[in-house]
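The block underneath contains the structure these notes are about, expressed in structure tokens.
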Amino acid sequence: MIELQARAEHGGLRADRVVAELAMASIEGASRAAVQRWMKEGRVSTARGPVEAKHKIVAGEVIRIDVPPPPASSAVAEEGIEFGIVHVDDDVVVIDKPAGLVVHPAHGHAGGTLVNGLLGRGLFARELLEEGGAEEHDRPGIVHRIDKDTSGLLVVARNAMAREHLKVQFAAHTIERVYAAIAVGNVQSETFSTLH
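Sequence positions in the sequence shown follow the working numbering and run 77 to 272.
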């Protein structure tokens with residue numbers, strides 16, 4: 077059970093907004109969607125009882141969250157998944173992902189993914205496999221991805237510290253990406269800009 081205290085500025089605000097703000101700042105793997113789910117499951121309460129999204133928060137009140145354990149990972153080690161390794165050190169591994177390889181397990185792709193292959197080669201630190209929020213369990217160390225039918229380099233964290241540093245860099249767009257494309261037909265420009 078985790079206890080969070082509403083601040084003065086939270087008084088009168090909707091519970092879903094306040095609980096999400098406090099939880100995301102304090103609980104590994106918390107998200108707005110997770111908070112909504114926890115509220116629907118009756119896992120969020122105050123001294124006044126269970127908290128629903130529309131409830132108004134009282135300044136200073138203690139909010140209790142019964143955070144469920146993370147789901148078991150569906151990612152299992154598999155050998156024989158083909159991909160190249162360009163660089164490996166204690167913190168990261170740079171993968172040359174071939175076209176056709178899915179990066180991490182998801183609906184419709186429980187196995188045969190890059191993550192399954194990385195697990196099969198023992199390229200993740202144990203700490204990375206044992207900690208992290210729900211989203212980390214099927215994609216440990218994955219901080220960005222490349223579409224299934226796209227080939228290219230992928231930087232994968234090998235430990236929790238590297239994962240957090242890479243997440244910050246990708247979110248801030250401080251990592252430079254260079255793309256090459258093969259086009260058929262009449263291309264109007266030699267360069268193209270992307271949003272990232």
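Note that CB positions come from ideal geometry on N, CA and C, so glycine has one too.
Item, Value
"Proximity of MET100 and ARG140 at Cβ, strictly below 9 Å", "no"
"Whole-angstrom distance between VAL178 and GLY228, CA atom to CA atom", "12 Å"
"Residue span of the alpha helix (DSSP H) that contains ALA247, given as start and end", "236-247"
"Sequence ranges, alpha helix (DSSP H) only - wholly within the stretch 86-113, length at least 4", "91-102"
"Whole-angstrom distance between LEU230 and LYS173, CA atom to CA atom", "7 Å"
"Simplified DSSP state of LYS130, which is helix, strand or coil", "coil"
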